[in-house]
Amino acid sequence: MSTSRKGVSLAAAVTAAALLLVSACGSSSSEGGSEGEKTGKDVSANVRGGDQLARGTATKGGSLTAAVSTPIESLDPTQFIGFGALTAAHGIYGQLMKYADSTGAAEPDLAESLTTDDYVNWTLTLREGVNFTDGTPLNADAVIAHLKRYTSEGATAFDAGSVRNAIKSTVKKDDLTVELTTNGPNYEFAAIFTGQAGMVPSPKAVEADPTGYAQNPVGAGSFKVKSFKPGGDMVLEANQDYYDAKLPHLDELKLTTVPDSQTRLSGLKAGDVDIAALSDPNALNQAAEDSGLTVLNQSSPGYYVQLNLSSAPFEDERVRQALLQAIDIDALTKAVFDGRGEPFEGWFLSANPYKADVEFPKHDVEAAEKLVAEYEAEGGDASFTLQVLGNEVHQRMATLIQQMLKKVGIAVKIDVVEQPVLTTSAGSGTYQAQMRSTNVVANTNVSTLSDRYDSASMVNYGKAGIPAVDAILKDLRDTVPTERTQQQFTDLQQALAEWIPTIPLSEQNEAWVVKSKVGGFPGSTFQGNEEFDPTTVWAQK
């Protein structure tokens, strides 16, 4: 497998970018404790900054049940799919590229190689003899058809806009080779294919039923669908023709929807569930005290308020500054996360190696009141609607923010929406403010930073930009990852602090909790903290 460049190693550049992601995750948290933390056995840190589990030697066979927090509705990788669906998608599709377990670098998976001479013109070579589970070949035509759908205006995958920004053209060279051209040098291009853009569906299945495909997915991954009731449970069974004959380990993985953390914990204790993600602090503390459960802490996501800077009231810097000063993130974090979180201070997560101590307005209710009064004295209206998801964390945070802002004269209406609505309104700019979360990728991946903050980006949710940020992002994009400096990232964080495009809130510690029946578990992937790749999971016999 080759990922080389003439004179410059693509693997080295991608490794450097990936290691930034790893470092940004931070090390495994010991808060709350876990079986691995208590005994020092079986649990170790993975390259993503979370805990992974390995009890003994991996074995073939067996069935496990995982509880997911959101219903699985769609499994079309070009559309938005939730965390539970992402777990299923990893098994059904695999991906063209994956992050190496040992280094965190993007390396070939269903692809044989991805090479470039200039980081603009790329050659993607596929493995020979890989077929979808309907018998059709995974070839260049399938990849091109997938990317055409992925970059279309109708695609709603979380990074569809970013991929559309990145790819200029795709050309078939032969049955196993695709030549891609990016819109300018892109040192992090390989990482695109580690997510949904690298999850290629069978074109035969898509063409046969375009509207129903999302409920009848066909891929070339380690698992295939045995049964699926949209909105209900899903059962995956091992793909006996998977290209790697050693995988998967499991014969079967059942995914059941259990929205409430306490109910997921009850399922674990009762033995109805073997694997579950928990974020509720009370549930996690209870799990840590149960000798029959192992708590695998994962990297912390950061919650923030995304602002639409193109319209009132957030086009005015005084209102943005008032929010930053009115919201007490220390009190918010303590109330919501009960010791399993920390304030999100600044625009990079606390464990990020490039995080800088930059100046921005601190909590000051009196100063916030004056800014709001000044703005409204000129005829402005500082009230706004905050879109949030229906999960426990969003609900708690939104209520506290509402109370804090009321004290400085800002009325907040809370609008609970589904994830597709949140994504669609962010892309179209038809919102005022949204509660969102960021993982490590958004904090060190320059392509992602450019997507979110560059004024020319099609997926800049703030719908605005400033010259200082644009210039720093261009400088970072033009610099080889191994040569990027602390000063560049410090300058970026200071410029963001002066601009205030978002309001940082809290960092949260999340965990997977597993029963003793689970032998091996890799922890969360880079995509999010509530999904995992089932390919290497195994059951104890």
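Residue numbers (my numbering): 517 to 1057. Idealized CB from N, CA, C, for every residue including glycine.
If you count every other CB in all the chains shown that lies within 10 Å of the CB of residue i, and 16 or more means buried, which is it?
i: P746; result: exposed
i: G808; result: exposed
i: S966; result: buried
i: E704; result: buried
i: E999; result: exposed
i: P817; result: buried
i: E805; result: exposed
i: K742; result: exposed
i: A761; result: exposed
i: A1055; result: buried
i: G895; result: exposed
i: P1038; result: buried
i: K557; result: exposed
i: K871; result: buried
i: T1052; result: buried
i: P983; result: exposed
i: T573; result: exposed
i: P726; result: exposed
i: Q756; result: exposed
i: Q1010; result: buried
i: S944; result: exposed
Measuring only from the beta carbon, is residue i closer than 7 Å to any heavy atom that is part of the ligand ATP?
i: P717; result: The ligand ATP is not among the ligands present in this structure, which contains no ligands whatsoever.
So if DSSP puts residue i in a beta bridge, which residue, or which two residues, is it bridged to?
i: G857; result: Q1024
i: R952; result: Y820
i: K1031; result: L809
i: G1036; result: A570, W1054
i: L769; result: L580, L752
i: T639; result: T631, E695
i: V741; result: L752
i: D931; result: Q903
i: V559; result: L569
Give me the residue from the options with the minimum Cα distance to residue i.
i: P877; options: S618, A914, E861; result: E861
i: Q919; options: S963, K762, I843; result: I843
i: S827; options: A898, Q611, S866, L921; result: A898
i: G748; options: A582, A682, P936, A1013; result: A582
i: T779; options: E695, V584, A980; result: V584
i: L963; options: F900, T1051, I988; result: According to the sequence shown, residue 963 is Ser rather than Leu. Nearest of F900, T1051, I988 to S963, Cα basis: I988.
i: A847; options: E1023, L663, L696; result: E1023
i: Q802; options: S777, Y820, D790; result: S777
i: G677; options: T1052, T940, E1046, K1057; result: T940
i: K923; options: T954, V888, L902; result: V888
i: G600; options: I791, A799, L569; result: I791
i: F1048; options: Q595, S590, A605, K720; result: A605
i: V636; options: R665, T619, L663, P701; result: P701
i: Y820; options: D757, N961, Y758, A914; result: A914
i: T954; options: F674, K1031, N824; result: F674
i: T1018; options: L766, G714, D691, Q822; result: Q822
i: K990; options: Q1003, L902, A851, D970; result: D970
i: V874; options: E1014, G906, G1035; result: E1014
i: T693; options: A656, I660, P997; result: A656
i: S1032; options: M715, E589, D788; result: D788
i: P829; options: W863, R993, T901; result: T901
i: E858; options: A622, P587, P1020; result: P1020
i: Q814; options: P1050, N1025, P587, F596; result: N1025
Quick one: what does DSSP say residue i is sitting in, helix, strand or coil?
i: Y615; result: strand
i: N907; result: coil
i: L812; result: strand
i: P1050; result: helix
i: D690; result: strand
i: L1012; result: helix
i: I791; result: strand
i: N1045; result: coil
i: R592; result: Correcting the residue type first, residue 592 is Asp in the shown sequence and not Arg. Looking at D592 - three-state DSSP - the assignment turns out to be coil, as it is neither helix nor strand.
i: S543; result: Low per-residue confidence applies at S543: pLDDT is 31, beneath 50, and the placement is therefore not dependable enough to give any value.
i: D880; result: coil
i: S941; result: helix
i: V975; result: coil
i: S585; result: coil
i: N681; result: helix
i: A622; result: strand
i: P653; result: strand
i: E551; result: With a pLDDT of 38 at E551, under the threshold of 50, the predicted position of this residue should be treated as unreliable, and no value is reported.
Do three or more CB pairs link the segment 926-941 to the segment 786-799 at distances below 8 Å?
Too few Cβ pairs lie closer than 8 Å, so no.
Do three or more CB pairs link the segment 633-653 to the segment 668-675 at distances below 8 Å?
Two segments are said to touch when three or more pairs of C-beta atoms, one from each, lie closer than 8 Å; by this definition the segment 633-653 does not touch the segment 668-675.
Should the segment 945-953 be regarded as contacting the segment 645-664, the criterion being three or more beta carbon pairs within less than 8 Å?
no
For the pair the segment 696-710 and the segment 569-578, tell me if three or more CB-CB distances fall below 8 Å.
Contact fails: fewer than three Cβ-Cβ distances are below 8 Å.
Evaluate contact between the segment 977-996 and the segment 681-690, counting only Cβ atoms and requiring at least three cross-stretch pairs below 8 Å.
no
Within the chosen definition, does the segment 611-629 reach the segment 560-573 through at least 3 CB pairs nearer than 8 Å?
yes
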